[in-house]
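Residue numbers (this note's numbering): 34 to 349.
Cβ coordinates follow ideal geometry from the N, Cα and C atoms, glycine included.
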């Protein structure tokens, strides 16, 4: 049992600890303004990007949570930053500008480089604008897109398909392909988040049961990689309730019925799921992009399909 003397000293120890914490917080607040960019620093970055950025370039934030940069980056240059975005391929962009604040607390430059640098090559020295750093990289993970489903959805034919092949059309109203039945059954390009990553993708909620929601696309180029990417949005992917069922995402050849791509997403599987197949050379194809889940509860799917060139230096 503590002695009476130790018990009397305990409040003084607690007071000393509180004073140390308060002093540390005061020092942190006094030093913080020197680690934050000024308006002049931000204008300098904006000037460089306005002058030197090319169509197709992108900006990647480091650390990912330095969201203020979105206010001054030119609107023509997309900005990326989400949890674990350091390792994202950003394959639609041949060049990436890394806009960093390496002096901020918890900015781990080594971890960023380990995730970001593989497949990338710096194209210029790092420029400093106050606490901001800016450097341009060639993106070796770049894969040109020759066709993207979310960009061609207005020309798609959308329908609900039963196992016996019978169909109910989902007419296009100028914005979305709306199906008969519940209001969530439609196909349209929207912004959604899949495990923190914002994605512009096709909203395709499974109708439930054995029927499929299908978006049929013509004139899909052959002779390159056909890639399916998708997942369950927001917090709906995490639960593993036994009542929930696996969602199936797929792509079929409309002429032959051949299954080209198939991605199952069981309950609890988070993040963007991907599959790819190399289409042999030939005339353009018509493909059926589809989703199905026996129990569609909490199976909110967002997906996209694209025809890509092989990665740089890689042949099909």
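What runs of the alpha helix (DSSP H), each 4 residues or longer, lie entirely inside the stretch 64-120? Qualifying alpha helix (DSSP H) stretches, in chain order: 72-85.
With DSSP collapsed to three states, give me the class of residue 61. Here the model assigns residue 61 a pLDDT of 39, short of 50, so the residue's position is not dependable, and the following value carries that caveat. DSSP places residue 61 in helix when its eight states are reduced to three.
If you draw a straight line from the alpha carbon of residue 107 to that of residue 337, how long is it in whole angstroms? One C-alpha to the other measures close to 27 Å.
Expressed to the nearest angstrom, what Euclidean distance is found between the alpha-carbon atoms of residue 287 and residue 92? Rounded to the nearest angstrom, the two C-alpha atoms are 38 Å apart.
Residue 154: which of 171, 167 and 164 sits nearest, CA to CA? Out of 171, 167 and 164, 171 has the C-alpha closest to the C-alpha of residue 154.
List the endpoints of the continuous beta strand (DSSP E) containing residue 340. That run of the beta strand (DSSP E) goes 334-341.
In angstroms with no decimal places, state the Cα-to-Cα distance between residue 59 and residue 165. Bear in mind that the predicted position of residue 59 carries a pLDDT of just 45, short of 50, making it unreliable; the figure below should be weighed with that in mind. One C-alpha to the other measures close to 24 Å.
Taking just the CA atoms, how far does residue 210 sit from residue 123? A straight-line Cα-Cα distance of about 29 Å links residue 123 and residue 210.
Leaving out the 5 sequence neighbours to the left and right, which residues in its chain are closer than 6 Å to residue 191 when beta-carbon positions are compared? Contacts found: 203, 210, 220 and 248.
Taking the Cβ atom as the reference point for each residue, do residue 112 and residue 137 lie within a distance shorter than 8 Å? Their beta carbons are not under 8 Å apart, which means residue 112 does not touch residue 137 by this criterion.
Contact defined as beta carbons within less than 8 Å: I believe residue 233 pairs with residue 218. What is the distance between those atoms, to the nearest angstrom? That belief does not hold up - the Cβ atoms of residue 233 and residue 218 are roughly 20 Å apart, past 8 Å.
Do residue 265 and residue 226 have their C-beta atoms within less than 8 Å of each other? No, the pair does not count as a contact, with Cβ atoms beyond the cut-off.
Taking C-alpha atoms, which residue in 319, 187, 131 and 73 lies nearest to residue 292? Per the Cα distances, 319.
Top-ranked residue by Cα proximity to residue 278, from 246, 242 and 130: Closest option to residue 278, judged by alpha-carbon separation, among 246, 242 and 130: 242.
Cβ neighbour criterion (16 or more within 10 Å) applied to residue 307: A residue is called buried once 16 or more other Cβ atoms fall within 10 Å of its Cβ, and residue 307, having fewer, is exposed.
Residue 270 beta carbon less than 8 Å from that of residue 230: Taking 8 Å as the Cβ cut-off, residue 230 and residue 270 do not qualify as a contacting pair.
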